[in-house]
Amino acid sequence: MKKKTSGENGWTKNKRRAAVVALTAALTGVSASASELFAQEPQTAEVAEAAQETKETQATENAQDAQETQAATTGEVAEETQEAEAAEGGVPGASPEAEAAVDAYLAGKPELAYRLLKEVYDANPDSDPPGVMLALLYSNNERFLEMRRELEKTAEDYPDDPEAFLQLAGIDVREGRYLEARLLLDRADELNAEYAARFPESTRIAYLREEALNVRALLAERRGRYDEAAELTQKVVDANPKNVQARWNLGYLAVKRNRLDDAEKAFDQAAELDERLWPGWLQTATTLDAEDRLDEAFERLQSQGALIETAARRERAQLARLYLRWNKLDEAAALVGELEAEGKNDFDGWALRGWVALYAGGYAVAEDAFRRATFIDGTSFEASNGLALALLDQRNKEKLAQARAIAAKNYRTYPDSQDAAATYAWTLFLSGAAREADAIFGPALDSGEFSPTVAYYLAEIANVRGDKSLALTLLDLALRQKGNFPKRAAAVELREIIAPEKKEEKAADAETLPEAAETPQSAEKAEAAETPQTAEKAEAAETPQSAEKAEAAETPQSAEKAEAAETPQSAEKAEAAETPQSAESEAETPETNE
C-alpha cells in the first residue's frame with residue numbers, strides 16, 4: 136500500500152469533486168455552489184457516497200482484524216481520492232485553476248492554493264475573492280476557525296466585495312450574535328448595490344441578493360419568527376425556482392409551523408431537483424425526529440405503508456435508523472430483514488444488521504456485521520464505533536484491547552465528537568486507566584451537556600465509586616430523554632439495582648419512550664455536577680472487571696440533531712435529523728438560508 140500523500144486529504148472522491156465544482160463556479164462568477172458548501176455535509180451525503188463510490192461487495196467470512204481493516208481501507212480511500220480523478224482526467228467541466236487550488240490545499244499548502252486563486256481573481260475581478268474561496272475549502276474540511284479567520288481577513292483586504300460580509304453574518308447568526316449579524320447584513324446590502332452598479336452584467340448579482348435573503352431568513356428562523364423566515368425564503372424560490380436549498384428550507388419551516396402536508400410537498404420538490412435528498416414523506420419524519428416529535432413522526436408513518444413498500448433501498452435504510460432511534464426495535468428488525476433478503480451486501484445492510492444485533496444483545500453477531508461494514512467503508516465512524524461497542528460487551532481482554540485501539544483512533548480523528556470521546560473514555564475506564572477516562576468524562580460532566588450514552592457511562596462510574604445519588608440522577612437523565620440508545624435496557628437494569636423501588640417503572644419504560652426530556656441543566660439542579668476527579672477522592676478507581684458490565688454505546692442517530700435548516704448539503708443550522716453515519720459528524724440538513 137502506498138503512503139498517503141497528505142494529512143489533509145481525508146476527503147472522499149465525491150467531496151473533492153464537490154469542492155472543485157464549487158470553486159469552478161466561484162472562479163467564473165456564478166458563486167451559487169460556493170455558499171452551499173459553507174455548511175456541513177447533507178445528512179444523505181454519506182449514503183450517496185457509499186452508493187456511488189463502493190461496489191456492492193461480498194464481505195469475506197474471515198474479515199481481518201478491525202484495526203488492520205480500517206487502516207488499510209482508510210489508506211486506500213485516501214489514495215483513490217486523487218488517483219481515480221487523475222485516471223479519469225479530472226472533474227468534467229472543471230476549471231484547471233480550481234483543480235490545481237484544491238490539490239494544493241489537499242497537499243497541505245493553503246498558501247499556494249491562495250496564490251493560485253488570487254491569480255484568477257486578479258484576471259477576473261468579477262469572481263469571488265481568493266480568501267472566500269480558500270475559506271470554502273477550510274469549511275469543507277471542517278476547519279471552521281481557519282475559515283472564519285480567512286473571511287475576516289478577506290473583509291479587510293476586499294472591503295468593497297459583499298461576499299465575506301454575508302458569510303460572516305451567517306456565522307454570527309448561527310453562533311447567536313444577532314446584533315453583529317444585522318450590522319454585517321446592512322453593510323452587505325450597501326455593498327450589493329454598489330457591486331451591481333460596478334458590474335451590471337455580473338452573474339454574481341443574483342446570487343448575492345439571494346444569499347442576503349437567505350441569511351436574513353436564517354436570522355428570522357433563529358429568533359423564532361418562522362412566518363417571516365418563510366416569506367423571505369419564498370422570495371428566493373420565486374427568483375430562482377431551481378434553488379434546491381430554498382425549497383428544502385420551506386419544508387423545514389413548514390414543519391416548524393406544523394404544516395406537515397406543506398412540508399412534505401416542499402421536501403418532494405427539493406428532492407426532484409437533487410436526488411440525494413430524501414423524499415417528502417421520509418424527510419418530514421426525519422425533521423420531526425430532529426424536533427423531538429417522535430410519536431408524531433411515527434404515527435404519520437403509519438399511513439405511509441404504500442410509499443414505504445416501494446421505497447428505494449437507501450430510504451428504507453434511513454427509516455430503519457429512525458425506528459432504532461425511536462425504540463421501535465421490531466419494526467427496525469423487520470426492515471433490516473427485508474434489506475438482507477435482497478441479497479445486497481452493501482454498507483447499509485451490514486451496518487444496520489450490526490445495530491439491530493447490538494440492541495438485541497447479540498454482540499458477536501454485531502461484531503461480525505460491523506467488521507464487514509468497515510471492510511466496505513473503512514472511513515465510516517458509524518461502522519468503526521459500532522465495532523468498538525460490540526467488542527466491549529463481550530468481556531474479553533483481547534477484544535477490549537481491540538476496542539480501545541479502534542476508539543483511540545476515532546478519538547484522534549474526530550476530536551470534537553462526543554460519541555468518539557465517550558467510547559474511548561469508557562474503554563479506558565474498563566482497561567483500568569481511570570484517570571485518563573476522568574480527563575475525558577470530566578469536562579462533559581462539568582458542562583452538563585452530554586448524550587444519554589455518556590450519562591449512562593458516568594452513572595456506572597458513580598455507582599462503582601459509591602455515589603449512588605449521582606448515579607440515579609444520571610440514569611434518570613438518560614432515561615428521560617426521548618431518543619433511544621443501545622444501553623437503555625442496561626440503564627433500566629442498573630437503576631433497579633440501585634433503587635429496587637424503581638423496578639415497577641421498567642415495563643412502562645420498555646414499552647414507551649420517556650415523556651419528558653430533562654435537560655442536563657435541570658439534572659444539575661437536582662444534583663451538583665461532581666467531576667470524576669472529585670469522585671475519586673471518595674473511592675479509588677476500581678478494576679476494569681468491576682465495571683465491565685457496562686458498555687460503550689452511541690445511538691446510530693447520535694449526530695442526528697445537528698442543526699437543521701441549512702443548505703440541502705447541511706444539517707448544521709436549524710435542528711434536523713441525521714443518520715447514524717451522521718455521528719461521523721453530523722449531522723445536519725439544509726438550513727434556512729444557506
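Using our numbering, the letters of the sequence shown correspond one by one to residues 136 to 729. All C-beta atoms in this analysis are idealised placements derived from N, C-alpha and C, irrespective of residue type, glycine included.
| Asked | Found |
| --- | --- |
| Backbone secondary structure at Asn480 - three-state DSSP | coil |
| Span separating the alpha-carbon of Lys288 from that of Ala374 | 31 Å |
| Member of Arg344, Arg382, Ala555 and Arg309 whose CA lies at the smallest distance from the CA of Glu585 | Reading off the sequence, residue 585 comes out as Phe, not Glu. Selected option, being the one with the closest Cα: Ala555. |
| Residue of Leu388, Ala467 and Ala239 minimising C-alpha distance to Gly359 | Leu388 |
| Rounded straight-line distance, which links the Cα of Pro297 to that of Asn327 | 6 Å |
| Cβ contact check for the region 511-525 and the region 480-488: 3 or more pairs under 8 Å | yes |
| Endpoints, the alpha helix (DSSP H) within which Asp424 is located | Gly415 to Ala425 |
| Backbone secondary structure at Lys244 - three-state DSSP | coil |
| Cβ pair count under 8 Å reaching 3, the region 621-638 against the region 595-606 | yes |
| Within 8 Å, strictly: CB atoms of Asp307 and Ala316 | yes |
| Cβ pair Leu522, Tyr494 closer than 8 Å | no |
| Residue from Leu487, Leu464 and Tyr592 whose Cα sits closest to the Cα of Glu475 | Leu487 |
| Assigned exposure category for Val155 - 16 Cβ within 10 Å defines buried | buried |
| Leu367 and Leu348 closer than 8 Å at C-beta | yes |
| Ser566 beta carbon near the ligand PLP (any heavy atom closer than 7 Å) | Among the components of this structure there are no ligands whatsoever, and the ligand PLP is therefore not found. |
| Same chain only: Cβ atoms within 7 Å of Glu431, ignoring 5 sequence neighbours per side | Leu423 |
| 6 Å CB neighbourhood of Gly305 in its chain, flanking five on each side removed | Val350 |
| Per-residue DSSP class, three states only, for Tyr256 | helix |
| Cβ neighbours of Lys532 in the same chain (closer than 7 Å, five flanking residues each side left out) | none |
| Backbone secondary structure at Tyr549 - three-state DSSP | coil |
| Opening and closing residue of the alpha helix (DSSP H) in which Trp383 lies | Val379 to Lys391 |
| Under the three-state DSSP convention, the category Pro578 falls into | helix |
| Range covered by the alpha helix (DSSP H) that runs through Lys622 | Run containing Lys622: none; DSSP gives neither H nor E here. |
| Asn197, buried or exposed, once every other Cβ within 10 Å from all chains shown has been counted against 16 | For Asn197, the pLDDT reaches just 33, beneath the cut-off of 50, and the residue's location in the model is therefore unreliable, leaving the point undetermined. |
| For Trp461, the three-state DSSP class (helix, strand or coil) | coil |
| Among Tyr256, Leu272 and Lys253, nearest to Gly243 - alpha-carbon criterion | Leu272 |
| Continuous alpha helix (DSSP H) stretch holding Leu614: start and end | Lys603 to Arg615 |
| Segment contact flag, the region 544-554 with the region 562-572, C-beta cutoff 8 Å, min 3 pairs | no |
| Whole-angstrom distance between Ala613 and Asp465, CA atom to CA atom | 22 Å |
| Thr421 versus Ala233, Leu454 and Gln380, residue with shortest Cα-Cα distance | Leu454 |
| Alpha helix (DSSP H) segment containing Asn598, residue limits | Pro587 to Val599 |
| Contact set for Leu609: own chain, Cβ-Cβ below 6 Å, skip 5 residues either direction | Ala590, Leu593 and Ala594 |
| Beta-carbon gap between Leu269 and Glu285 smaller than 8 Å | yes |
| Cut-off 6 Å between Cβ atoms - residues of its own chain near Ala381, not counting five sequence neighbours on either side | Thr368, Val371 and Val372 |
| The alpha helix (DSSP H) enclosing Arg283, as first and last residue numbers | Phe279 to Asp292 |
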